[in-house]
Structures are given as structure tokens and as C-alpha cells.
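Below is one structure, written out as C-alpha cells, with a few remarks after it.
Residue numbers (this note's numbering): 3 to 279.
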């Protein structure tokens, strides 16, 4: 957690993300890269070079001034913040910045249900989540000062989820979180008996950890849909963070065998963190 990117659009929700990132980096003296995507219109980009350059400089100076005012926050005292303005037109390129600067995480703000509803029809948040090769934390409100304590990591315990599991548990252990590993059993072709679930999970942990010591930490729930199982368990466990894995361009809706609907992100009031498979 040495470097965190926070995409900034000067909204209150990007401020929630900025505040959350500040809490994370204060734990180990890390750095925040505050990234503003200066999305110049097609009209500007197709004008003559001299006129285009003049308008680009104007918008750049305007963004820099707004940035300076936006970053003047008490919670950023003693935090290293590097403002970056990029002339990108698409938010999918946030990952390019992350790779260029060896970033450990992207933290973004969302409007909650309405924001996530828009997210799955091509919003900026979706583009970042789908393209990011680093974890993406999406927050919807101010986070408590103690940050996270209990995280639910929902997993299908398939072979392709091993990498996401290793990365997620390493991060959660670093943050000293109580990890709830969750398997959701649903009706239909994916239904498994208790013995079948335990066998699958045991094989998975043997591959991922080299042992099955964490087998007793896995919780099994049955519900009508995966997302309902996750949300219901998270509520009962008093979790303050939900973690899932994603196939990237296929979207969060396909992170289990088959697929789940966007309802998990739409209905979750908790922050959600995604890990690329």
C-alpha cells in the first residue's frame, strides 16, 4: 500500500475516495496520486493545432487551479499527494497510469445504488474496474477513522480464482483484517452438497496456501442468488467491506461460475473491493 491512485472529478464522492486513501497511506507513509482525467471534447481535438494548443493549455491551467483548491484538506496534512492531470478521453486508461507508477491500489467514489446502476452501463467506474490489473476499492460515503475490521471475501474456489485469493488475503493480512471466506451455494446446476463444497474448498486451499489450515475459516451459505447470499452474510457478520474477484473486461457480473447480476454492487451499502483474476 505504498502508492494509491484516486481519480478526481471534484465531486463529493471523489472526496470520499481521497479521504479513504489518506487513511490507508497514513498507516505506512505511502503516497497518493490524485488523478484528474482532462477529457477534451472532439471539437477541441479536431481544431487547428494552434487553436487546439491554446484551448488545451487553458483547460489544463483551470484544472490545476481547481486541483489545488480541492486538495487543500485537513486530512491530507502529513500525506504525500502528487496531482496528475492527463489528457485522456477514457477512464480505462487509469490502469496505464497505475502501471506506469507501480501503483498498489485504485480508490474511487460512487453514488451508491444509483451510481453503481450507471456503472454497469458504461460509466467511468466500470471502465476502471474492468481494465484495472490492481485492486479497485469503491467507496460510497465517509469511512470511519478505524477503517476496516471485518471483510467478506466471496469466492467460487475455482482454480482461476487462486491468484485473486492470494492477492486479496495478502492485502487483508497486511491491513490486519478479520477475513471471512465465503462460499455461496445456490439452486441449479451449480448446487453442491456440503461434502462436495468442503472437498472443493479443501483442494483450492491446498493449491493456494499449500495446506488446508484455513478450511475452518470458510463459511458456507445457501441462498437464491449469489449476491443475496453475500449481502445477507455480510450483514449478519457485521462486515464493513466486501471483496470479490473479476474477470476484467467481462465485468463483475461474471466473477462466479456462470454469472451474477449487478445487484451485488447496486444494493451493497458497504465498500466493495475487486481483484483481477
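Yeah, the Cβ is synthetic: ideal placement off N, Cα and C, and Gly gets one too. Model, not experiment: these values are computed from the prediction.
Neighbourhood of residue i by C-beta distance below 8 Å, restricted to the same chain and skipping five residues each side
| i | result |
| --- | --- |
| residue 180 | 151, 152, 153 |
| residue 69 | 10, 36, 38, 85, 87 |
Buried versus exposed call for residue i [16 or more other C-beta atoms within 10 Å across all chains shown]
| i | result |
| --- | --- |
| residue 174 | buried |
| residue 254 | For residue 254, the predicted model reports a pLDDT of 48, less than 50, meaning its position is unreliable; a value from the coordinates is still stated below. By the 10 Å Cβ count, residue 254 comes out buried. |
| residue 80 | exposed |
| residue 176 | exposed |
| residue 121 | Only weak support exists for where residue 121 lies, its pLDDT of 38 falling under 50; the coordinates are left without a value. |
| residue 21 | buried |
| residue 15 | buried |
| residue 210 | buried |
| residue 189 | exposed |
| residue 196 | exposed |
| residue 276 | buried |
| residue 9 | buried |
According to DSSP, residues forming a beta bridge with residue i
| i | result |
| --- | --- |
| residue 33 | 5, 82 |
| residue 38 | 87 |
| residue 277 | 247 |
| residue 149 | Paired residues: none, contrary to the question. |
| residue 139 | 109, 275 |
7 Å Cβ shell around residue i - same chain, five flanking residues per side excluded
| i | result |
| --- | --- |
| residue 272 | 236, 241, 242, 243, 244 |
| residue 7 | 35, 37, 96, 99, 100, 105, 108 |
| residue 5 | 32, 33, 35, 103, 104, 105, 106 |
| residue 73 | 36, 83, 85 |
6 Å CB neighbourhood of residue i in its chain, flanking five on each side removed
| i | result |
| --- | --- |
| residue 149 | 25 |
Exercise. Please confirm if the stretch 153 to 163 is in contact with the stretch 180 to 199, defined as three or more CB-CB distances below 8 Å between the two stretches.
Key: yes
Along the chain, which unbroken stretches of the beta strand (DSSP E) at least 3 residues long are found entirely within the stretch 153 to 239?
180 to 187, 220 to 224
task = Evaluate contact between the stretch 215 to 225 and the stretch 129 to 147, counting only Cβ atoms and requiring at least three cross-stretch pairs below 8 Å.
result = no
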